[in-house]
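At position 273 of the sequence shown the residue is numbered 273 (full-length UniProt numbering), and the sequence of numbers has no breaks.
Note that the Cβ used here is the ideal one computed from N, Cα and C, for glycine as well.
All figures in this text were calculated on a predicted structure; none of them were measured in a lab.
Down below is the structure, laid out as structure tokens.
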Amino acid sequence: MRKSPIILILVVILGVIGLSSIFIVDERERALVLQFGRVVAVKEEPGLAFKIPVIQEVVRYDDRILSIDVQPLEVTPLDDRRLVVDAFARYRISDLNRFRQAVGVGGIPVAEDRLDRILRAETREVLGSVSSRDILSSDRAALMLRIRNSAIAEAQALGVTVIDVRLKATDLPQANLEATFDRMKAEREREATDERARGNEAAQRVRAQADRTVVELVSDANREAEIIRGEADAERNAIFAEAYGADPEFFEFYRSLTAYENALQGSNSSLILSPDSEFFNYLSSPTGRRAPVAE
Numbered sequence: 001m002r003k004s005p006i007i008l009i010l011v012v013i014l015g016v017i018g019l020s021s022i023f024i025v026d027e028r029e030r031a032l033v034l035q036f037g038r039v040v041a042v043k044e045e046p047g048l049a050f051k052i053p054v055i056q057e058v059v060r061y062d063d064r065i066l067s068i069d070v071q072p073l074e075v076t077p078l079d080d081r082r083l084v085v086d087a088f089a090r091y092r093i094s095d096l097n098r099f100r101q102a103v104g105v106g107g108i109p110v111a112e113d114r115l116d117r118i119l120r121a122e123t124r125e126v127l128g129s130v131s132s133r134d135i136l137s138s139d140r141a142a143l144m145l146r147i148r149n150s151a152i153a154e155a156q157a158l159g160v161t162v163i164d165v166r167l168k169a170t171d172l173p174q175a176n177l178e179a180t181f182d183r184m185k186a187e188r189e190r191e192a193t194d195e196r197a198r199g200n201e202a203a204q205r206v207r208a209q210a211d212r213t214v215v216e217l218v219s220d221a222n223r224e225a226e227i228i229r230g231e232a233d234a235e236r237n238a239i240f241a242e243a244y245g246a247d248p249e250f251f252e253f254y255r256s257l258t259a260y261e262n263a264l265q266g267s268n269s270s271l272i273l274s275p276d277s278e279f280f281n282y283l284s285s286p287t288g289r290r291a292p293v294a295e
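Set out below in structure tokens:
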């Protein structure tokens, strides 16, 4: 009876030791078995694995393709036109032993910091050997390939493989961007001024042509009116002359009535005339005919 608790305790201890000696490697990761900080085993296949409890420890690393955003950097191409480049890279841990030796206990953060420096240096070197036109054109796919190939050799010391490098954005620095914007604005304003000047010139030509057309039309109309008015006056005079020749007495009577009508309009009914005036000859004649002029 006294041995049962001891046996139970031993069973529990052995169970704990047995469980602590077993670990699982996920299919998305790989693991290193360390003994006193030294690598004694590399577990690359997923499944169950064993280690010595207490003495050995397991360090796990991601086996997937990882991404790193490179810190934006300024580059100066051959044409001295500074550019701000924003890039990212994809990489994978390829050699666990070398990776552990290179980064120690720092792991992926330390590796990415060193990889960032490598990518920045290679990006500056490759983009500095071409013109800004090449960087901004479709040829930059070849430039990204050059950066990747150069970074692969440098990253081997970290135990990682650079799979791809991409330029996300290539912009001018803020100061240059503002200067470029001001220059573009000035050019657009100059073009607008030129367009307005050409428009005003065309408008003046149209207005001058319209004014000339108006003057010509008015002149032609006035000339035609004067011709018609002259012809009408001539016809009227001819009619008057014909009427006067047909009956001079009636013509004189008609002219006297017209003179009376024009002289005695409105409230103007008083006239101051000499006693022998011929104005009222027809009014003073008892027969309605023109009175004979006294000699």
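Checklist line | Neighbourhood of G128 by C-beta, 7 Å cutoff - its chain only, sequence neighbours within 5 removed | finding: V75, T76 and P77
Margin query: I'd like to know whether the C-beta atoms of R30 and L96 end up nearer to each other than 8 Å.
Written below: yes
Check: Taking contact to mean at least 3 C-beta pairs separated by less than 8 Å, is the segment 148 to 156 in contact with the segment 186 to 199?
Finding: no
Item checked: Element boundaries [beta strand (DSSP E), containing Q71] -> L66 to V75
Check: What are the start and end residues of the beta strand (DSSP E) that includes A157?
Finding: Looking at the DSSP string, A157 is not in any beta strand (DSSP E), and its letter there is neither H nor E.
Next item on the list: Leaving out five residues on either side along the sequence, give the residues of the same chain with a beta carbon under 7 Å from the beta carbon of E295.
Entry: With a pLDDT of 46 at E295, under the threshold of 50, the modelled position of this residue cannot be trusted, and the question is left open.
Note to self: Let's test the definition: count the other Cβ atoms within 10 Å of the Cβ of G159 and tell me whether it reaches 16, buried, or not, exposed.
What the structure shows: buried
Next item on the list: Pair every Cβ in the segment 188 to 198 with every Cβ in the segment 91 to 111, then say whether three or more of these pairs are closer than 8 Å.
Entry: no
Next item on the list: Give every residue of the same chain whose Cβ lies closer than 8 Å to the Cβ of E45, excluding the five residues on either side of it in the sequence, and list them in chain order.
Entry: V25
Check: Among all the DSSP beta bridges, which residues are the ones paired with R28?
Finding: Paired residue(s): none; R28 is not in a bridge.
Margin query: Helix, strand or coil, according to DSSP, for F36 in the structure here?
Written below: coil
Check: With 16 as the cutoff for other CB atoms within 10 Å, does A243 come out buried or exposed?
Finding: exposed
Check: For V85, which option in R140, A157, K43 and R38 has the closest C-alpha, if you only look at C-alpha atoms?
Finding: R140
Note to self: Out of D116, A234, S138 and A259, which one is the CA nearest neighbour of P72?
What the structure shows: D116
Next item on the list: Specify the secondary structure class of M1 as computed by DSSP and reduced to three states.
Entry: Note that M1 scores a pLDDT of 46, beneath 50, so its modelled location is shaky; the value from the coordinates is reported in the next line. Residue state, collapsed to three classes: coil.
Check: In chain order, what residues of the same chain lie with their CB nearer than 7 Å to the CB of P5, ignoring the 5 residues before and after it?
Finding: none
Item checked: Cα-Cα separation, A238 to A259 -> 21 Å
Notebook entry, point to check: Would T123 be called buried (16 or more neighbouring beta carbons within 10 Å of its own) or exposed?
Noted result: buried
Notebook entry, point to check: Nearest CA to the CA of F36: which residue from A210, I68 and I55?
Noted result: I55
Next item on the list: Spell out the partners DSSP gives V103 in its beta bridges.
Entry: Per DSSP, none; premise fails for V103.
Next item on the list: Check L83 in the structure and name its three-state DSSP category.
Entry: strand
Item checked: Three-state secondary structure (DSSP) of I52 -> coil
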